[in-house]
Every structure is written in C-alpha cells, then in structure tokens.
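Reading the sequence shown from the start, the letters are residues -21 to -1, 1 to 451 in mature numbering (1 follows the signal peptide of the UniProt record, and there is no 0). To start, the structure under review is shown below, and the notes come after it.
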Amino acid sequence: MNNFYKILIFLVISFIHKCQFQEVDEKCKIGDNCILPTCNCDSAEIPIDLPKRYHLSDMPQLIILTIDDDKLDVKSYQIYRKLFENRFNPNNCSIKGTFFVSDSENKTSYCLTRNLFEKGHEIAISTVNYTCPHKRCSPFRDFIAWDYEEWSNQILNMRERLNKYAGIPKPAITGFRAPILEPASDMHYRIISSNKFLYDSSLILNTDDIIWPFTLNYKFNSYLSNNGPIHSYNGLWELPIPTYIDLDNENLKCLKLWEGHCKFDKSINGVAKFFRHHFLRAYYNNRAPIVFHLYGDWLKEYQIVNQTEIIPNVGYANKEKTKINIEKKEYRNLDGLIKFINDTLTHNKNVYFVTARQAIEWMKLLPRIQNENITNLLNEDLFENCNSGKMEYDGQCNVLKQYKPDYDTDESLILDDEDGDKLRDLLKIDHSKKSVLTDLQSEVLFVNSFVLYFVAGLGVLLVVVILDDRFF
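In structure tokens, the structure reads:
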C-alpha cells in the first residue's frame, strides 16, 4: 500500500506540474496544429498561402525600431524627435517606434514618456534596473543573480510606475524586453505570461533568416537561441531580434551595435549602409517584420569635429575674409539611421515603420488577405489611428517636479510629504528590496494557477485515499 501512495503522489505532482506550465510536446506545424490569428510557428516561411492575385512584392515590409532607454530625459526626447518627426509611411501616417523603458538611476521623465505615448509611439518595459541579471557586468556594483522574486519585482514595479506616474493604462503596456538582452529562461516568461503581456522581445536568433513573429504555444526550438524558454506559454508572442552580420566579414555575427560588438564603417553613410544591408535580408526574401534593436545612449553618441567657417568682412571690400575654427558635434549613429529611414521611404515601395504591437496585430490580420485587399487592411485596421508627425512637447516637462520612486530606500524620494506617503503606500518600499509590490506577487501565483492546481491535486488525493480505505 505504501508503494501505491507513493505512485499516487507522484502522479498528482506530475499533474500539477503539467497544468502549471501547460506543456505541449508536439511539434508546431503551420496550418495544421498552429493557425493564425491565435498561433504562429517560429519559421522564416510566410505563415499563409498568398492568393494568386498577390506576389511577394505586394506584401508590406514592416520595420520595427525598438529602443531601450533607462534614462528617458529631455536629451533623449530631442534625439527621438529628430528621428521620428515629420517622416511618413506610404499611407501618410507618421512613422512610429517602440520604447522599452527602464529607470535605473531615477532619471526617466514620466512626463516625456507620457508625451511619447500620446504621440502614438508604443511604451513597453524592461526591468526597473537596466543591468545584467545573471552575471556581473559592472566592477563597481555588488552582484547577486536575480531569482524569481527579484524578476517579478523588477518587471511589475516598472509597469506600475508607468501606470501611476506617466498615466499610461496597464492594458497599453503589453511588451517586455529583458535588460541587456539577457532573458531569464522560464522565469521572466512565466511572469509576463501570467500578467497578460502580449509579447516578449528578448531573443536574438542564431540564424541568417529573418524569422516571423511567433507564439510560444509550442516548445521553443532551442537551435534558434540558447536563451529561449524551456516550457510553452499559450498565447504569448515572441518578437525575435535578428542577429546582425558583420559587414567586414559576413561569416561573423554580432549581437549589439554598441561597445564595439559590430565592425562596420562608423561614418553616417556607413551606419546607413549597415541598416540597409539587414533590411534587405527581409525585403527581398520573405517580407517578415524586421526588428532593429537600438539603445538610447548609442543614438546620443557624438564625435567632435573641427570645421572651418569663413566670415565675410562687411564694409571692407579689400580686406581678406576671416577664417575661424568651430567645434561641432556630429551624431553619426543618429544621422546614419535617419539617412537609412529617408532612403528607404524614398526608394523602396511598400515599407512601413511601425510599433512592435502593430507588427503583431498585422500577424493576426494575415488570414484575411485571402478575401480582402492588403492595402485596405493596412489603412483601415492597422493604421486606424493615424496621427500627425509632430512631436512637440509641453515645456512643463522641463521643470515639472517628477516622481522619483527610489527602489532601494524610501528616504531619498523627491516628494512632498503627502505625495511621499502615497508613493510609499503604493510601492511598499523597505530596505530589504524584497517587499516591493508583494501584493502583486500574490497575483502572480493565483494567475499562474499554481495554488488552484495544488489545491485541486490535494483534493483528488484525499478522495482517492477515502475510497481506498472504504473499498480496498
């Protein structure tokens, strides 16, 4: 009888584990067990059969500019304004981007973040602290690898801040990206899936192909990335990041544009050429939406160049003109990216710069191409809210007192007493760094259904034991 109970307990635990992760062992097959709009496989193939009236060139090429910014301030906003303002897609809707916002040093302006949101850009999140979660990446900081609780605090705290201080509704904050592109395997996927995020965009794929956005309904193909999830997460989308190819040696791949990872000509023309090379990988092959992973500080980088300017000597006809040397800041990364955008919109047909969320909504619209016009789908469904390209902002954002919630301690909050009490009540901050939003931790457990399945399992075990005692 003891063996019977051991086997029974093992079966109950296995049942709970299975329900907890909603495991699906079978292989994902487009058009068979995985059909849009609710499911797509991790593949470079177009996920639908194009009607005979259409060719590949009729498919729109979506470009998603994603920017990680852990200190979105006035300087950042000026950069983004120069990047996006007064540039328009073929349907005359202004181009948009997606911002993965953090607040590592309490330097993010929630006023300006709100302004970006109101201008039609997507505000997604990374963790509060934009730092390496698994390894030491700074010799000046103590390091402890993040556990599940820390990941949960970091993610849910950032969404809470954007909701409370930027006034962005939680249902509009649907995207997540791991800091420094270091996913937590199943830890962060469990958290964002159970908290109703729409998508993750943390995986750099080890393939030359541009992979279409896919759902995690089935087990992730580990050959595409070493950092992907082990379990399946029904309904959660992955917006994959393609590996950059080193233009000096196409056999070499690089992961990030900054810190010297990618070798290419760093002139304005060189930067534009780099982006164009990777854009064409999708444009001439499968028209899969392509994600460009950018970093706010990379766009802010500049070089000092000396220029000679000639000043005419007004009123002195015979006197030589004066030459003066002027130091000028040259933003080659930013200007190179702008050149790429301008050249692409000018010379390539059917190219749209959209948000990550729009790209996923486009995936859901693809089945309707069988019976509807592609252009109508784009204009009437994907771009139903088409605002202007202006990105001016309220000057009060320069001087407005910002909420600066401090993650480590409550003593340096830059708030009036009344506001400070409200903020402390909201964040439940203490010195342990482990009680931030503990009420939301409970929500994670319940939404994840762990408690529910555990209780159900105990109930089944109790019923079996009673039946065993009475009838065996």
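Where a beta carbon is used, it is the ideal one built from N, C-alpha and C, also for glycine. Keep in mind the model is a prediction, meaning the values are calculated, not measured.
> Closest Cβ-Cβ distance between Asn200 and chain C: below 8 Å?
Replying inline: Absence of chain C from the displayed structure is noted, only one protein chain being present.
> Going by C-alpha distance, which of Ala251, Phe67, Gly146, Asn65 is nearest Tyr310?
Replying inline: The residue with the shortest Cα to Cα distance from Tyr310 is Ala251.
>> So the candidates are Val53, Pro221, Lys242; which of them puts its Cα closest to the Cα of Leu231?
In response: Nearest in C-alpha terms to Leu231, of all of Val53, Pro221, Lys242, is Lys242.
>> Distance check for Ser131 and His113, CA to CA, integer angstroms please.
In response: Each residue's alpha carbon lies about 15 Å from the other.
> Residues in its own chain within less than 6 Å of Val426 by CB, not counting five upstream and five downstream?
Replying inline: Reliability fails at Val426, whose pLDDT of 40 lies under 50, so the model's placement of it is uncertain and no value is given.
> Going by DSSP, which residues form a beta bridge with Pro221?
Replying inline: Note: Pro221 sits in a beta bridge opposite Leu184.
> Thinking C-beta only, is Leu345 closer than 8 Å to Arg66?
Replying inline: No, they are not a contact pair.
>> Please report the straight-line C-alpha distance between Ala145 and Lys31, rounded to a whole angstrom.
In response: Near 47 Å, if we compare the C-alpha coordinates of Lys31 and Ala145.
> Helix, strand or coil: which one does DSSP assign to Leu195?
Replying inline: Leu195: strand per DSSP, three-state reduction.
> So Ser81 packs on Val107, CB below 8 Å; how close in whole Å?
Replying inline: Between Ser81 and Val107, the beta carbon gap of about 6 Å places them in contact (Cβ cut-off 8 Å).
> Mind checking Pro26: buried by the 16 CB within 10 Å criterion, or exposed?
Replying inline: Answer is buried; the Cβ neighbour count reaches 16.
> How many whole angstroms separate the CB atoms of Gly154 and Thr87, which I take to be in contact at a CB cut-off of 8 Å?
Replying inline: In this structure Gly154 does not touch Thr87 by the C-beta definition: roughly 17 Å separates them, more than the 8 Å allowed.
>> Which same chain residues end up closer than 6 Å to Glu280 when comparing Cβ atoms and leaving out the 5 residues on each side of it in sequence?
In response: Taken in chain order, the residues that qualify are Asn312.
>> Taking the beta carbon of Leu357 as the centre, do at least 16 other beta carbons fall within 10 Å, making it buried, or is it exposed?
In response: Classification for Leu357: buried.
> Using DSSP with H/G/I as helix, E/B as strand and the rest coil, what is residue 489?
Replying inline: The shown model of the chain, from -21 to 451, leaves out residue 489, and the question about it has no answer.
>> Suppose contacts are defined by Cβ-Cβ distances below 8 Å. Is Asp179 in contact with Ile189 by that definition?
In response: No, the pair does not count as a contact, with Cβ atoms beyond the cut-off.
> Which first and last residues belong to the beta strand (DSSP E) in which Leu307 is found?
Replying inline: The amino acid at residue 307 is misidentified as Leu; the sequence shows Lys. If you look at Lys307, you'll find it in the beta strand (DSSP E) that goes 301 to 309.
>> To the nearest angstrom, how far is the alpha carbon of Thr110 from that of Asp47?
In response: Cα to Cα, Thr110 sits roughly 12 Å from Asp47.
> If you draw a straight line from the C-alpha of Asp276 to the C-alpha of Cys376, how long is it?
Replying inline: Near 20 Å, if we compare the C-alpha coordinates of Cys376 and Asp276.
> From Tyr197, Arg169, Asn206, pick the residue whose C-alpha is nearest to that of Asn185; which is it?
Replying inline: Distances from the CA of Asn185 to each of Tyr197, Arg169, Asn206 were compared; the closest alpha carbon is that of Asn206.
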